[in-house]
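Undergrad: Residue numbers (our numbering), protein chains in the order written: chain A, 324 to 570; chain B, 324 to 570; chain C, 324 to 570; chain D, 324 to 570; chain E, 324 to 570; chain F, 324 to 570. All C-beta atoms in this analysis are idealised placements derived from N, C-alpha and C, irrespective of residue type, glycine included. Take a look at the following structure, please.
Here it is as structure tokens:
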């Protein structure tokens with residue numbers, strides 16, 4: 324059966340060009356500009372030498388990782404109103420920042436972050452689909468750079484990151500399974516999935532949502548296979564980027 | 324291999340006792356008290372004869388479905404502060420109400436709700452794990468009852484619900500896959516999944532999250548199989564309840 | 324002089340059917356569903372083992388009682404927007420929850436609640452007039468049940484409740500004084516009163532408001548007489564309910 | 324039985340010195356500084372040439388009266404934080420401004436305020452008990468002055484105020500009924516009442532609250548008698564003040 | 324070259340009539356009603372015996388001065404909505420209260436206010452241009468009165484105010500430099516300046532803003548000269564007022 | 324007299340290295356990364372095809388320019404909490420964004436922006452003093468690029484920018500006047516000024532504030548001279564940058 328070609332001519336299982344540029348935010352402990360095609364996200368990690376109130380109350384040892392995500396107003400085709408102008412975070416932002424936090428915590432031994440909170444900030448400079456997956460993929464690199472800096476400075480004894488983590492989208496678009504959807508594909512997809520996978524190939528999170536639509540077992544299998552493939556390629560790129568910066 | 328028995332003695336693939344009691348909120352257009360074991364949720368559907376602002380602006384025809392979810396303060400062992408007392412919805416609440424709304428819209432032909440918003444309110448009277456899945460399962464029944472009432476009253480020409488929908492949790496607990504986790508199981512699970520399935524067996528949404536943990540392909544397969552099984556049983560119970568009320 | 328008959332055929336001094344169903348919210352320390360005719364309120368009492376900040380600062384001994392009140396969205400004929408969706412409590416809600424708190428504190432020896440806050444939550448499941456009076460009447464029963472449970476568990480040495488308390492509405496409707504107004508009567512009344520009385524017949528609070536109208540001494544006397552009568556009947560029903568549950 | 328003398332030596336049925344100084348806020352349509360002893364309230368009435376949203380939606384003819392009340396930060400012995408600094412109105416403020424609005428509307432024929440909202444602002448310059456009663460008493464005078472100015476300017480055809488209205492406090496203090504409580508008396512009273520009465524001697528509102536205490540029929544009668552007496556004196560003073568300003 | 328006469332006939336370098344009436348808010352530690360022509364501001368100083376959180380955290384010795392500014396709703400020709408009704412301070416208010424605070428701190432030796440916060444509240448009773456300059460000018464007098472009272476009471480050992488401070492506006496209106504603009508002049512000015520000067524003739528703050536317009540060096544010089552002149556006259560009036568009250 | 328050398332060895336009248344990199348935010352209509360030494364600000368201009376509510380109500384013709392400013396959380400040495408996390412803009416942010424808006428409007432003929440709002444967003448990527456002056460300087464370039472794009476696309480008939488505008492700081496530090504303060508200089512300065520000047524050398528705004536300190540006429544003159552000099556150099560750099568991009 325002949326298939327509709329993708330908007331930018333990619334194969335169904337092809338990622339967009341990936342860029343990882345460390346050092347975008349010099350005051351952060353670790354930072355990277357992570358680009359999936361035209362999607363550009365500033366991922367920055369800063370350290371706060373205290374833990375959340377609930378950890379202190381419950382006397383939980385170790386540290387914490389928390390994430391914040393924001394679309395900069397000029398990242399979208401129509402200007403996106405700032406959160407503070409609306410007075411609250413929208414539901415989509417809340418979901419994304421919770422997902423980023425869980426993804427990073429899943430590959431971290433929190434007991435090795437004594438008394439610290441690792442803040443992960445993801446600010447989208449340009450949005451063209453996949454901002455949450457680019458955020459997670461970049462956040463890992465920024466976190467690894469921050470850990471390296473803290474270990475070099477003697478502020479951390481050991482690397483708390485026990486594995487790498489990356490995320491990628493997949494979906495059903497024009498009745499075909501595709502990987503790494505750009506904005507027009509994402510808008511028109513009937514099924515939209517986000518897959519978070521570790522460097523060793525284990526799942527951290529799988530979210531597969533029918534967009535006012537449903538899907539069957541066969542489609543689910545195709546989506547999982549594509550996502551696993553894509554996440555593997557991202558893991559290689561993360562390692563190459565870090566190696567190039569001697570981490 | 325011998326396994327740890329479940330807290331309440333259930334088999335791994337066994338649901339908690341299900342109760343669906345229509346009519347709990349007489350002023351609503353449709354309502355049901357949905358209980359999964361000790362978890363009790365008031366699900367109520369009310370109708371507003373207008374559509375959201377963005378639909379009017381974009382001149383989208385048809386109607387809309389939106390959901391709100393709340394833990395009543397006395398639903399948890401320690402009193403849960405009201406949302407208004409904190410001044411904002413917490414992230415978990417936002418995620419759940421977005422999930423309920425998407426689940427119901429996935430089985431609805433919105434073009435058959437002309438100029439209407441169907442509000443789904445899910446208020447948890449007692450929380451013991453699975454409040455979001457009980458909410459979705461009950462919300463479908465409340466929505467079907469509301470549609471029946473509107474059709475009887477001549478306010479709707481056709482049934483906009485094109486399928487039934489139910490949701491169930493599954494997870495990895497004590498290294499074994501189990502279905503329909505109660506609160507202590509949910510708290511201790513290493514993987515936590517929510518599966519939303521239609522009466523015809525298609526997926527609406529699948530969310531499988533490692534709880535500061537990860538999982539492999541085999542575990543993912545087991546979770547999907549359990550969830551599919553559980554959702555099938557819930558679909559039968561929904562139909563039986565509606566049939567008993569002549570819907 | 325012939326009088327307009329009441330909407331539901333009651334005599335001027337007749338209460339609506341009263342129901343008090345303990346145990347509606349099993350996780351609460353004490354709870355009751357209190358119904359005045361079609362008005363249904365979930366009254367639940369939970370315990371917090373600390374006192375408000377101002378008591379700690381001022382080193383006031385003993386405990387505190389505070390109340391929250393909410394109309395569930397599906398309790399009214401037109402869906403009532405949640406407080407959190409509006410971002411603040413409306414004036415009516417604030418007045419009612421302050422009244423409930425004062426009513427219960429008036430019959431409580433706060434020195435016998437050492438270091439505790441008794442939270443009274445009143446959530447209206449169905450609103451048909453008299454929600455504040457049903458809330459107070461039910462709140463007393465829920466509080467007494469909670470106290471019983473705490474004493475049985477050895478967490479309270481003595482009963483801090485020194486009397487019972489109940490509340491009832493009265494008003495001038497169609498130029499006649501009537502007791503326990505339902506919603507259509509309340510909407511059309513020219514004078515609207517709420518009377519809070521102890522089991523021993525003393526007043527806790529009397530609020531008699533002309534609804535863009537005024538009233539004379541004779542009418543005030545009639546309202547007070549009706550309210551006193553109604554509150555006496557409620558006190559008997561509270562005692563019977565508690566006796567039936569061996570409290 | 325000998326009685327404790329009042330803090331300032333007044334008889335039980337004696338009002339504090341009353342001052343009504345028109346013109347305190349020259350940009351307002353009508354204004355007065357109303358002083359009950361050391362309690363000083365700026366009462367100002369301004370006109371907005373539109374009605375609230377709900378009146379427009381429900382196509383209610385005529386106009387509206389609404390009130391806002393605030394303790395200026397330096398009105399109390401310890402600085403009172405501004406409402407905006409706390410982010411919300413406290414419950415006491417909400418109750419008071421609702422009471423002021425109802426009191427004025429009870430003596431107004433709203434149909435004679437076509438398309439207008441009369442804003443009543445009461446800002447307390449010095450608080451020494453009775454700020455709500457001084458607010459209502461002054462608000463009437465400010466409103467009458469505003470009406471006079473509007474009629475003179477031809478912006479109102481008729482006087483919409485059908486009667487005068489004033490308010491006074493009474494209570495049980497040291498086991499004796501007293502009138503017009505100052506702050507120390509108010510703080511120590513076991514029963515606290517506010518009585519709103521028209522110039523023709525009809526009640527607008529009666530609120531009699533036990534302060535973590537209760538009261539009997541005899542005490543209620545004494546309170547009502549004192550309040551009626553005091554309100555009569557205030558009505559005379561209002562008339563004298565207006566007459567002195569040729570209104 | 325002939326010039327347009329000013330709206331009220333003043334010379335270009337003439338101040339409006341100044342009034343300083345101490346004691347307007349008797350519960351404040353120091354207060355004054357400060358009038359620049361029709362502009363009337365209540366300036367009140369109260370003392371709080373603690374310092375801001377950041378001073379305690381950073382262990383900064385001494386005390387603090389902070390200011391709040393508000394337009395009373397009836398101070399303007401069209402009623403000004405209260406800040407709390409809008410839910411936030413507008414930008415203009417924020418700028419003004421920060422300016423008042425900086426002005427007073429510039430003439431205060433904060434080390435001589437041990438453990439105290441001096442709250443300066445400026446509430447505008449009537450607004451006719453120059454509310455911020457009248458606020459600063461009055462705030463100094465209120466602060467000096469408060470200091471006097473505290474020293475008399477033995478609560479302050481030394482006068483922390485090391486100089487006097489006053490503020491005045493100047494601007495370019497109808498192409499001419501003028502001093503102390505009233506509201507119509509302020510509205511039409513092309514350049515609007517506020518000048519804060521100490522009694523010894525040193526600048527505290529200079530803000531010269533083109534109102535969607537620009538200005539040259541010569542105009543800047545004229546504005547500075549006028550402002551310096553006006554501030555000198557205000558300093559004399561402040562001293563005379565205080566001397567008349569034996570301070 | 325020998326003087327303390329500046330932290331980075333600059334002469335008193337020397338600017339930090341200036342960088343203007345157009346195109347940082349590709350979805351914006353015009354954007355530039357503006358760097359004053361280590362201070363880096365993303366300046367982006369987007370267009371909204373409507374005007375503010377007050378312009379529509381008052382039927383003001385033409386368009387509007389508005390600015391928003393934010394410190395990204397990782398721009399400062401200690402992580403800066405997001406505005407939305409605090410729930411409101413702090414006073415400093417409000418002042419800065421109002422200043423940016425006024426600066427741009429002063430060089431714009433708003434009548435040549437028919438029915439449009441030009442949004443100027445300034446997000447600080449790295450903060451090292453002078454973020455508001457870098458914001459204004461970059462905002463002009465971004466606005467000019469946006470205008471160029473709109474004119475090329477035929478969406479604007481004429482260039483509404485009638486002049487260029489730039490801003491620079493100056494101050495008194497270690498008793499000497501210096502230009503373009505970096506963060507350590509700004510923190511320690513006794514006088515802090517911001518000067519906004521057009522390309523033709525006219526002032527738009529001058530703000531000279533004693534930082535809990537005061538200054539005399541001579542110092543004011545030195546500050547104005549330095550600022551005028553610095554702004555002239557910035558104007559040349561703006562023109563060169565635009566010329567290099569054929570604007």
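Going by C-alpha to C-alpha distance, which of F:499, F:484 and F:416 sits closest to residue 570 of chain F?
TA: Position 247 of the sixth chain, counted from the first residue, corresponds to residue 570 of chain F. Across the set F:499, F:484 and F:416, the C-alpha of F:484 shows the shortest separation from the C-alpha of residue 570 of chain F.
Undergrad: Out of C:333, C:338, C:332 and C:354, which one is the CA nearest neighbour of residue 443 of chain C?
TA: As a first step, residue 443 of chain C is located in the third chain; it is residue number 120 there, counting from the start. Taking only the C-alpha atoms, the option nearest residue 443 of chain C is C:354.
Undergrad: Less than 8 Å separating the beta-carbons of residue 456 of chain F and residue 492 of chain F?
TA: As a first step, residue 456 of chain F must be located in the sixth chain, where it is residue number 133. As a first step, residue 492 of chain F must be located in the sixth chain, where it is residue number 169. Contact check for residue 456 of chain F against residue 492 of chain F passes: the beta carbons are separated by less than 8 Å.
Undergrad: Excluding the 5 residues flanking residue 528 of chain C on each side, which residues of the same chain have their C-beta closer than 6 Å to its C-beta?
TA: Counted from its first residue, the third chain places residue 528 of chain C at position 205. The answer, listed in chain order, is 519.
Undergrad: Hey, quick one: how far does the beta strand (DSSP E) through residue 363 of chain A stretch, first residue to last?
TA: Taking the first residue of the first chain as 1, we reach residue 363 of chain A at position 40. Segment 362 to 371, the beta strand (DSSP E) holding residue 363 of chain A.
Undergrad: Measuring CB atoms only, is the region 553 to 564 of chain E touching the region 545 to 561 of chain F, in the sense that at least three cross pairs come out at less than 8 Å?
TA: Touching, no, given that fewer than three Cβ pairs across the two stretches are closer than 8 Å.
Undergrad: If we call anything under 8 Å between Cβ atoms a contact, is residue 487 of chain C one with residue 561 of chain C?
TA: As a working note, residue 487 of chain C is residue 164 in the third chain. As a working note, residue 561 of chain C is residue 238 in the third chain. Closer than 8 Å, so yes.
Undergrad: Assuming residue 342 of chain E is part of the beta strand (DSSP E), what are its boundary residues?
TA: On the fifth chain, position 19 is the one that residue 342 of chain E refers to. Taken as a continuous stretch (DSSP letters only), the beta strand (DSSP E) holding residue 342 of chain E covers 341 to 345.
Undergrad: Taking only beta carbons into account, state which residues of the region 408 to 436 of chain B come closer than 7 Å to chain A, listed in chain order.
TA: Against chain A - using a Cβ distance shorter than 7 Å - the residues of the region 408 to 436 of chain B are 411, 414, 417, 418, 421, 425, 428 and 429.
Undergrad: Given a cut-off of 8 Å, decide if residue 513 of chain B and residue 481 of chain B are closer than it, judged by their beta-carbon atoms.
TA: Sequence index remark: in the second chain, residue 481 of chain B carries index 158 (1-based). Sequence index remark: in the second chain, residue 513 of chain B carries index 190 (1-based). For residue 481 of chain B and residue 513 of chain B, no; Cβs fall outside 8 Å.
Undergrad: Cα-Cα, which of A:421, A:474 and A:390 is closest to residue 437 of chain A?
TA: Looking up residue 437 of chain A in the first chain gives position 114. The candidate whose alpha carbon is nearest that of residue 437 of chain A is A:474.
Undergrad: So who's on the other strand from residue 552 of chain C, going by DSSP bridges?
TA: The residue labelled residue 552 of chain C in the question sits at position 229 within the third chain. Answer by DSSP bridge pairing: none, since residue 552 of chain C is not bridged.
Undergrad: Cβ closer than 7 Å: which chain F residues qualify as neighbours of residue 538 of chain E?
TA: Position 215 of the fifth chain, counted from the start, is the residue given in the question as residue 538 of chain E. Within chain F, the residues whose beta carbon sits less than 7 Å from that of residue 538 of chain E are 525 and 526, listed in sequence order.
Undergrad: Return the chain-ordered list of same chain residues with a C-beta closer than 6 Å to the C-beta of residue 502 of chain F, the five sequence neighbours on each side being excluded.
TA: Counting from one through the sixth chain, the residue named residue 502 of chain F turns up at place 179. Excluding sequence neighbours, residue 502 of chain F sits near 336, 493, 549 and 553.
Undergrad: Cα separation between residue 357 of chain F and residue 398 of chain A?
TA: Here residue 357 of chain F refers to the residue found at position 34 when the sixth chain is read from its first residue. Here residue 398 of chain A refers to the residue found at position 75 when the first chain is read from its first residue. Going by the C-alpha atoms only, they are around 18 Å apart.
Undergrad: Between which two residues does the alpha helix (DSSP H) holding residue 473 of chain A run?
TA: The residue given as residue 473 of chain A occupies position 150 in the first chain. Unbroken alpha helix (DSSP H) run through residue 473 of chain A: 454 to 475.
Undergrad: Please return the same chain residues whose Cβ sits closer than 8 Å to the Cβ of residue 509 of chain E, not counting the five positions on each side in sequence.
TA: Residue 509 of chain E sits at position 186 when you count from the first residue of the fifth chain. Contacts found: 452, 453, 492, 494 and 515.
Undergrad: Looking at chain F, which residues of the region 326 to 344 of chain A have a Cβ within less than 9 Å of any of its Cβ atoms?
TA: none
Undergrad: Taking only beta carbons into account, state which residues of the region 381 to 400 of chain A come closer than 9 Å to chain F, listed in chain order.
TA: 391, 393, 395, 396, 397, 398, 399 and 400
Undergrad: Alpha carbon to alpha carbon, what distance is there between residue 418 of chain B and residue 530 of chain A?
TA: For the purposes of this step, residue 530 of chain A is identified with residue 207 of the first chain, where counting begins at 1. For the purposes of this step, residue 418 of chain B is identified with residue 95 of the second chain, where counting begins at 1. Distance between residue 530 of chain A and residue 418 of chain B, taken at the CA atoms: about 12 Å.
Undergrad: Restricting to Cα atoms, I'd like to know which of B:458, B:547, B:536 and B:532 is closest to residue 341 of chain B.
TA: Taking the first residue of the second chain as 1, we reach residue 341 of chain B at position 18. Nearest C-alpha to residue 341 of chain B: B:458.
Undergrad: State the Cα-Cα distance for the pair residue 339 of chain D and residue 464 of chain D, rounded to the nearest angstrom.
TA: Taking the fourth chain and counting its residues from 1, the one referred to as residue 339 of chain D is at position 16. Taking the fourth chain and counting its residues from 1, the one referred to as residue 464 of chain D is at position 141. Rounded to the nearest angstrom, the two C-alpha atoms are 18 Å apart.
Undergrad: According to the neighbour-count rule (16 or more other Cβ atoms, all chains shown, within 10 Å of its Cβ), is residue 563 of chain A buried or exposed?
TA: As a position in the first chain, residue 563 of chain A is number 240, starting the count at 1. Burial call: exposed.
Undergrad: Consult DSSP for residue 530 of chain E and reduce its assignment to one of helix, strand or coil.
TA: By one-based count along the fifth chain, residue 530 of chain E stands at place 207. Strand at residue 530 of chain E.
Undergrad: Can you find the residues in the same chain that come closer than 7 Å, C-beta to C-beta, to residue 347 of chain A, ignoring five residues on each side of it along the sequence?
TA: Position 24 of the first chain, counted from the start, is the residue given in the question as residue 347 of chain A. Result list for residue 347 of chain A: 354, 355, 356 and 365, in chain order.
Undergrad: With a floor of 4 residues, list each alpha helix (DSSP H) that falls wholly inside the region 395 to 445 of chain A, ordered by position along the chain.
TA: With a minimum length of 4 residues, the continuous alpha helix (DSSP H) runs that stay inside the region 395 to 445 of chain A are 406 to 409 and 414 to 429.
Undergrad: I'd like to know if residue 464 of chain F contacts chain E, where contact means its C-beta is closer than 8 Å to some C-beta of that chain.
TA: Indexing the sixth chain from 1 puts residue 464 of chain F at position 141. No, residue 464 of chain F does not count as interfacial toward chain E.
Undergrad: Could you check the C-alpha separation between residue 385 of chain B and residue 428 of chain B for me, to the nearest Å?
TA: Taking the first residue of the second chain as 1, we reach residue 385 of chain B at position 62. Taking the first residue of the second chain as 1, we reach residue 428 of chain B at position 105. Those two C-alpha atoms are separated by around 12 Å.
Undergrad: For residue 535 of chain D, does the three-state DSSP call read helix, strand or coil?
TA: Here residue 535 of chain D is taken as the residue at index 212 of the fourth chain, counted from 1. Here residue 535 of chain D sits in coil by DSSP.
Undergrad: Starting from residue 507 of chain E, follow the alpha helix (DSSP H) in both directions and report where the run begins and ends.
TA: By one-based count along the fifth chain, residue 507 of chain E stands at place 184. From DSSP, the alpha helix (DSSP H) with residue 507 of chain E extends over 506 to 511.
Undergrad: Please list the residues of the region 440 to 454 of chain D that have a C-beta atom closer than 8 Å to any C-beta atom in chain E, keeping them in chain order.
TA: Shown in chain order are the members of the region 440 to 454 of chain D whose Cβ falls below 8 Å from a Cβ of chain E: 442, 444, 446, 448, 449 and 450.
Undergrad: To the nearest angstrom, how far is the alpha carbon of residue 388 of chain B from that of residue 369 of chain B?
TA: Within the second chain, the letter at position 65 stands for residue 388 of chain B. Within the second chain, the letter at position 46 stands for residue 369 of chain B. C-alpha separation (whole angstroms): 10 Å.
Undergrad: For residue 324 of chain E, does the count of other Cβ atoms within 10 angstroms reach 16, so buried, or fall short, so exposed?
TA: Here residue 324 of chain E is taken as the residue at index 1 of the fifth chain, counted from 1. Reliability of the predicted coordinates at residue 324 of chain E is poor, the pLDDT of 46 falling under 50, and the value obtained from them is presented with this limitation in mind. Exposed.
Undergrad: Mind checking whether residue 440 of chain B and residue 373 of chain B have CB atoms under 8 Å apart?
TA: Here residue 440 of chain B refers to the residue found at position 117 when the second chain is read from its first residue. Here residue 373 of chain B refers to the residue found at position 50 when the second chain is read from its first residue. Their beta carbons are under 8 Å apart, which means residue 440 of chain B touches residue 373 of chain B by this criterion.
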